[in-house]
């Protein structure tokens, strides 16, 4: 490994005007500490990625970049989503760094853990996962729903690090490999473990959000979870097959019971059994069609090969202010 690597800290931002000043101060302070300890090169930097924000996020990023050469900004032409924004920053940072650390702007992930990331990187690890020790600052609902999500992903065969979000270090070699994954529906938590490089874990305490409000309401959390499951596992479709087999077996048993009842002369006329069977079978069919439809929808979006994001501007390349680059 490089003795004093150039490190890039990638921070995806969406309407983070309130928290951005605190994020800049905390990240640059950590960068200064690491440079003074000679843990990273003086060429290390912080890259803020504006994911189509509608507030003053980009204005602040431009101001910070003009005032400090260690700050860089990447502006996407529209809201591409957290995972695409993060990916765009990683791909931009890898061209000028030896390793990158991704972290959210809300500062709930302890920036002090970056120093431990670098220690693991120096030991020869290409991937270092930031793992939350506990989720005491989360609401009871968010904590329980997150734990349920990780358990479901394990059941569905998706290789995830438990209590790991998108706080991690990746070497340039790992990022080169990550670029080879071309799917449009990105789920980096599932893709990174597939890279296969030597990895390590660093545990840290989850903190309170520094300012502003979360950009991940329940609707987005559910969508993110469903994307993760359907992007990495075909078990939901297999479960439909199992449900169909079980329903068929139950139907055979019901037919046998009816025949036996007729033979015994104890049949009671009524609609209950008929209605129950109709609703059960109808519900199973609708659920099955919905799940299969989700997979077909993903195929439909993937075959279009549309760009994941479009870069409108990069603070280190003034030409991009007028001519966006497409990836």
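Numbering (my numbering), first residue to last: 42 to 368.
Every residue gets a Cβ at the ideal spot worked out from N, C-alpha and C, and that includes glycine.
For residue i, which of the options has the nearest alpha-carbon?
| i | options | result |
| --- | --- | --- |
| residue 206 | 143, 167 and 114 | 143 |
| residue 338 | 173, 226 and 240 | 226 |
| residue 147 | 51, 156, 166 and 187 | 51 |
| residue 97 | 57, 85, 138 and 247 | 57 |
| residue 55 | 100, 111 and 69 | 100 |
| residue 159 | 106, 333, 81 and 323 | 81 |
| residue 124 | 329, 283, 335 and 228 | 228 |
| residue 319 | 288, 330 and 121 | 288 |
| residue 349 | 236, 242, 222 and 304 | 222 |
| residue 236 | 167, 347 and 248 | 167 |
| residue 145 | 333, 358 and 53 | 53 |
| residue 326 | 297, 294, 285 and 45 | 285 |
| residue 157 | 204, 208 and 121 | 208 |
| residue 291 | 322, 181 and 187 | 322 |
| residue 203 | 301, 212, 188 and 122 | 188 |
Hey, would you say residue i sits closer than 8 Å to residue j, going by beta carbons?
| i | j | result |
| --- | --- | --- |
| residue 162 | residue 169 | yes |
| residue 215 | residue 238 | yes |
| residue 106 | residue 49 | no |
| residue 64 | residue 92 | no |
| residue 103 | residue 356 | yes |
| residue 244 | residue 172 | yes |
| residue 231 | residue 201 | yes |
| residue 85 | residue 47 | yes |
| residue 71 | residue 137 | no |
| residue 149 | residue 249 | yes |
| residue 344 | residue 277 | no |
| residue 220 | residue 132 | yes |
Would you mind giving the Cβ-Cβ distance between residue i and residue j, rounded to the nearest angstrom? I have them listed as a contact below 8 Å.
| i | j | result |
| --- | --- | --- |
| residue 140 | residue 210 | 6 Å |
| residue 94 | residue 352 | Going by Cβ atoms, the distance from residue 94 to residue 352 rounds to 15 Å, so no, they are not a contact pair. |
| residue 88 | residue 113 | 5 Å |
| residue 246 | residue 175 | 7 Å |
| residue 45 | residue 66 | About 24 Å separates the two Cβ atoms, so there is no contact after all. |
Please state the DSSP three-state secondary structure of residue i.
| i | result |
| --- | --- |
| residue 96 | coil |
| residue 44 | coil |
| residue 354 | strand |
| residue 138 | coil |
| residue 242 | strand |
| residue 158 | helix |
| residue 144 | coil |
| residue 113 | strand |
| residue 209 | strand |
| residue 61 | helix |
| residue 229 | helix |
| residue 53 | strand |
| residue 222 | coil |
| residue 347 | coil |
| residue 203 | coil |
| residue 195 | helix |
| residue 150 | coil |
| residue 369 | Look at the range of the chain in this structure, 42 to 368, and you will see that residue 369 is not part of it. |
| residue 88 | strand |
| residue 171 | strand |
Does the pairing of the stretch 102-122 with the stretch 186-194 give three or more beta-carbon distances under 8 Å? The stretch 102-122 makes no contact with the stretch 186-194: fewer than 3 CB pairs, one atom from each, lie closer than 8 Å.
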